[in-house]
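Taken in order, the sequence shown gives residues 29 to 297; the numbers are from our numbering. I have placed the structure first, in the form of structure tokens, so that the comments after it can refer back to it.
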Amino acid sequence: MDRHQLKVMIKKEYKELVKDRGLLASLLIVPIIFSIVLPVLLLLLGTSSEVSSSIAGLNTFIDQFKIIDYPNYITTQTLPLYAVFTYFFLPLFMLLPIVISTVLASSSFIGEKEHKTLEGLLYTPVSPKILILGKALGCALPAVTLATISVIVYTLVVNAVGWGYFGHIILPNITWLLVTVLISPLLVLLSILLVIGGSQYLKNSKSAQGISMIIVAPIFGMLISQSTGVLILGVFETLVFIIALILLVVVVFIVVMKLFNFEKFILNN
Numbered sequence: 029m030d031r032h033q034l035k036v037m038i039k040k041e042y043k044e045l046v047k048d049r050g051l052l053a054s055l056l057i058v059p060i061i062f063s064i065v066l067p068v069l070l071l072l073l074g075t076s077s078e079v080s081s082s083i084a085g086l087n088t089f090i091d092q093f094k095i096i097d098y099p100n101y102i103t104t105q106t107l108p109l110y111a112v113f114t115y116f117f118l119p120l121f122m123l124l125p126i127v128i129s130t131v132l133a134s135s136s137f138i139g140e141k142e143h144k145t146l147e148g149l150l151y152t153p154v155s156p157k158i159l160i161l162g163k164a165l166g167c168a169l170p171a172v173t174l175a176t177i178s179v180i181v182y183t184l185v186v187n188a189v190g191w192g193y194f195g196h197i198i199l200p201n202i203t204w205l206l207v208t209v210l211i212s213p214l215l216v217l218l219s220i221l222l223v224i225g226g227s228q229y230l231k232n233s234k235s236a237q238g239i240s241m242i243i244v245a246p247i248f249g250m251l252i253s254q255s256t257g258v259l260i261l262g263v264f265e266t267l268v269f270i271i272a273l274i275l276l277v278v279v280v281f282i283v284v285m286k287l288f289n290f291e292k293f294i295l296n297n
């Protein structure tokens with residue numbers, strides 16, 4: 029594998045991302061809302077009963093949450109906020125890398141095909157493997173970086189603004205670390221692989237972004253399960269999810285690499 033060509037492809041993807049101010053702005057909006065706006069609003073509202081009643085399923089979740097261990101500094105008044113910040117927000121930050129990587133991958137793979145800028149690559153010394161890997165890494169690295177920064181900012185905001193309520197640092201815990209370090213990169217890889225696999229059959233980037241629903245739907249199911257108390261995403265559940273995700277990524281990678289046709293991908297406009 030020519031590492032120089034790979035680096036060139038990755039740098040090309042970075043330059044394209046930086047030049048597209050509209051895409052860059054759209055990628056930053058959701059992380060800002062999740063990391064800063066929503067937690068600050070909830071903390072400003074405080075521990076009033078209106079907060080609990082306004083979040084669907086929170087009271088049901090808290091009834092289930094009381095049977096598991098939580099820090100002894102958490103009081104009855106601060107329990108709703110603690111539950112929201114440590115459990116309810118977790119699936120949202122699983123959605124974040126999926127959204128970011130899908131937008132980047134669909135823009136990179138399908139967007140260039142829409143603008144008919146890929147045909148010339150058939151006549152260059154860049155191998156299909158280098159091209160695909162370079163584009164995939166060029167999408168994955170910014171997605172993982174942005175998702176990780178979002179979690180760090182969220183953690184700082186919750187701990188700083190929430191100190192007046194909890195008097196302790198509540199994040200990160202083991203589950204959040206597992207999600208940030210392992211689950212987010214795996215979700216990014218899975219999203220990009222699905223876009224690559226579908227890119228040779230899809231005509232536009234909007235259709236490619238719809239592929240993400242394959243991954244988004246189970247995450248939403250996880251969010252609903254937590255809100256109803258059916259599933260509380262603790263360390264054990266997170267580890268099981270990681271193992272299942274690794275197996276799924278490996279299977280999807282093998283299938284995509286086996287079925288992907290580079291010429292069909294470029295010429296199917």
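For glycine and all other residues, C-beta sits at the position ideal for the given N, C-alpha and C. Note that the structure is a prediction, hence the values are computed from the model and not measured.
Cβ-Cβ separation, residue 207 to residue 267 (assumed contact under 8 Å), whole Å: The pair is not a contact, with the Cβ atoms about 11 Å apart (cut-off 8 Å).
Count Cβ pairs between the region 122-140 and the region 180-197 that sit closer than 8 Å; are there 3 or more? no
Whose C-alpha, out of 37, 120, 73 and 43, is nearest the C-alpha of residue 243? 120
Please return the same chain residues whose Cβ sits closer than 6 Å to the Cβ of residue 12, not counting the five positions on each side in sequence. Look at the range of the chain in this structure, 29 to 297, and you will see that residue 12 is not part of it.
Which value, in whole angstroms, describes the spacing of the CA atoms of residue 299 and residue 178? The requested residue 299 does not occur in the structure, where the chain is confined to residues 29 to 297.
Residue 273 beta carbon less than 8 Å from that of residue 214: yes
Suppose you measure from the CA of residue 155 to the CA of residue 260; what does that come to, to the nearest Å? 46 Å
Under the three-state reduction of DSSP, which class applies to residue 190: helix, strand or coil? coil
Residue range of the alpha helix (DSSP H) that residue 281 falls in? From DSSP, the alpha helix (DSSP H) with residue 281 extends over 263-287.
Roughly how many whole angstroms lie between the Cα atoms of residue 44 and residue 164? 14 Å
In the DSSP assignment, find the alpha helix (DSSP H) that holds residue 121 and state where it starts and stops. 117-133
May I ask which residues mark the beginning and end of the alpha helix (DSSP H) holding residue 33? 31-47
CA nearest to the CA of residue 122, picked from 269, 100 and 192: When each option's Cα is compared against that of residue 122, the closest is 269.
Just reading off the alpha helix (DSSP H) that residue 195 is part of, what are its end residues? Where residue 195 is concerned, there is no enclosing alpha helix (DSSP H), given that its DSSP letter is neither H nor E.
Hey, could you find the ends of the alpha helix (DSSP H) residue 210 is sitting in? First-last for residue 210: undefined, no H or E at that position.
With DSSP run on the structure shown, which of helix, strand or coil describes residue 252? helix
Would you say residue 128 and residue 161 are within 8 Å of each other, going by their C-beta atoms? no
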